[in-house]
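S.K.: Residue numbers (our numbering): 51 to 261.
See the structure below:
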């Protein structure tokens, strides 16, 4: 299916199959449903849900909410202050310009991030990378085989990593053999994140927030 919205605020459902969806201008709700979908929100403040399958989602301009759903998805927030959620699967999440919030996991899962490796890129401005919420730590249960790889962390831009609990629940280790270079974040010896090519991090600094 090839579906296009137009100038108004549209609701578009792709349903089954591999769909191409373009919301056009307006504040749209776009649902890819099943299949490997390509979704472009266009301008406006859009809500985009990939559904199942390997989806490619581009929000374009506006303050958008993107959820990849199940499958190995690519999400690109583009300009604006966006909320990006990869959900289940190994996802590639790009915040784009703006102050973005990036989450790689399905937060409703019993073990969010289990057996996943998600790539999180915030790019410009101060971004928030979510590796836990007020009830659970993400990416636990499978040692070094599941974690978030944060590729664009910048202290000078005000980026921050959100973790569950307190600083005493975590340890940091630099340049761990067999893992991407940078700072590894451990919760009880369970790897939850790697901040690529960044060293000299401090759990008690503004680099981290705890909930």
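Backbone N, C-alpha and C fix where the C-beta goes; we use that ideal spot for every residue, glycine too.
Under 7 angstroms Cβ to Cβ from residue 131, same chain only, skipping five residues before and after it: list those, please.
M.R.: 113, 148, 149 and 150
S.K.: In terms of alpha-carbon separation, which member of 165, 194, 111 and 170 lies closest to residue 90?
M.R.: 111
S.K.: Can you grab the Cα-Cα spacing for the pair residue 141 / residue 94, in whole Å?
M.R.: 24 angstroms
S.K.: Run the CB neighbour count on residue 123, radius 10 Å, all protein chains shown included, and call it buried at 16 or more, exposed below.
M.R.: buried
S.K.: Please name the residue or residues paired with residue 169 in a DSSP beta bridge.
M.R.: 142 and 199
S.K.: Using a Cβ-Cβ cut-off of 7 angstroms (strictly less than) and excluding sequence neighbours within five positions of residue 247, which residues of its own chain qualify?
M.R.: 231 and 232
S.K.: From this set, 218, 135, 211 and 215, which residue's C-alpha is nearest residue 178's C-alpha?
M.R.: 211
S.K.: Going straight from the alpha carbon of residue 251 to that of residue 191, what length do you get?
M.R.: 24 angstroms
S.K.: Across which residues does DSSP place residue 126 in a beta bridge pair?
M.R.: 108 and 144
S.K.: Alpha carbons only, please: which of 164, 173 and 127 is nearest the one belonging to residue 181?
M.R.: Closest by alpha carbon: 164.
S.K.: For residue 223, count the other beta carbons within 10 Å of its own beta carbon; 16 or more makes it buried, fewer makes it exposed. Which is it?
M.R.: exposed
S.K.: Going by the DSSP bridge assignment, what does residue 240 pair with across the sheet?
M.R.: 237
S.K.: Have a look at 120, 144 and 161 and flag the residue whose alpha-carbon is nearest the alpha-carbon of residue 128.
M.R.: 144
S.K.: May I have the straight-line CA-CA distance separating residue 67 from residue 126, to the nearest angstrom?
M.R.: 22 angstroms
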